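Asks: Before I ask anything, let me first share the structure, which is written out below as structure tokens.
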Amino acid sequence: MIKKILVVVAAIIVVVIGVAVWAFSGRDPLQQYLSQRAEKTSLTFKSVFTDADRFVVVCPGAEQADITMALGQNVTGKVAAPKDGNNILVSVAQGKAEPHEYQRQRIDLCENLPGGAKVLIIEGEQTYNFVQPANSSQWVMQH
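One rule links them: number in my numbering = place in the sequence shown (from 1) + 5.
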């Protein structure tokens, strides 16, 4: 009887671990980080995207020339302005740009950009605050 109980408990543990690995694998690092927080948090992008050494926020309406200039020379990978209602965080690691596109209703990086900018270089080691408006699951980055 005890042996059967131990087998059932072991099976449950294996299933729980499998579900946890499945749930978090393939998820975007920023989404994963924010999903583990409540109401407000602070972060450095370097602590979330540990391999990256450069970050650029791209908002709807951004001009391709501005995106290219912000990414800098010797960066490979195509990044275009996001679809309406979305914004992009580009992480650059070893000269390769990787765009992470988010629905602004989930993660809004563009709401408070200074001067209405459409493209912004983000300092990886600088601390940024994220808040959730009342009764919302949206995260808004404060600049």
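Glycine is no exception: its CB is placed at the ideal position from the N, C-alpha and C atoms.
Predicted, not measured: the structure shown is a model, and the values here were computed from it.
Measure the alpha-carbon distance for residue 93 versus residue 138 and round it to whole angstroms.
Replies: About 20 Å.
Asks: Below 8 Å CB to CB, which residues in the same chain sit around residue 122 once its five sequence neighbours on both sides are set aside?
Replies: Excluding residues within five positions, the ones whose Cβ falls inside 8 Å are 64.
Asks: Buried or exposed, going by whether 16 or more other CB atoms sit within 10 Å of the CB of residue 42?
Replies: With fewer than 16 other Cβ atoms within 10 Å, it is exposed.
Asks: From residue 140 to residue 8, what does the alpha carbon distance come to, in whole angstroms?
Replies: Using only the alpha carbons, I get a separation of about 48 Å.
Asks: Straight-line CA distance for residue 150 to residue 69?
Replies: There is simply no residue 150 to check, as the chain begins at 6 and stops at 148 in what is shown.
Asks: From this set, 104, 109, 145, which residue's C-alpha is nearest residue 85's C-alpha?
Replies: Comparing Cα-Cα distances from residue 85 to each of 104, 109, 145, the minimum goes to 104.
Asks: Specify the secondary structure class of residue 131 as computed by DSSP and reduced to three states.
Replies: DSSP places residue 131 in coil when its eight states are reduced to three.
Asks: Identify whether residue 108 lies in helix, strand or coil by the three-state DSSP scheme.
Replies: Strand, per DSSP.
Asks: With 16 other CB atoms within 10 Å as the buried threshold, where does residue 113 fall?
Replies: Counting Cβ neighbours within 10 Å, residue 113 comes out buried, since at least 16 surround it.
Asks: Grab the span of the beta strand (DSSP E) containing residue 49 for me, first residue to last.
Replies: Element bounds for residue 49: 45-49.
Asks: Quick one: what does DSSP say residue 55 is sitting in, helix, strand or coil?
Replies: Coil.
Asks: For residue 97, which option in 108, 60, 44 has the closest C-alpha, if you only look at C-alpha atoms?
Replies: That would be 60, whose Cα lies nearest to the Cα of residue 97.
Asks: Note the first and the last residue of the continuous alpha helix (DSSP H) segment covering residue 40.
Replies: Looking at the DSSP string, the run of the alpha helix (DSSP H) that includes residue 40 is 34-40.
Asks: With residue 74 as the anchor, note down where its alpha helix (DSSP H) starts and where it stops.
Replies: It spans 69-76 - the alpha helix (DSSP H) in which residue 74 sits, taken as one unbroken run.
Asks: With DSSP as the reference, please indicate the residues paired to residue 139 in a beta bridge.
Replies: Partner(s): none; residue 139 has no beta bridge.
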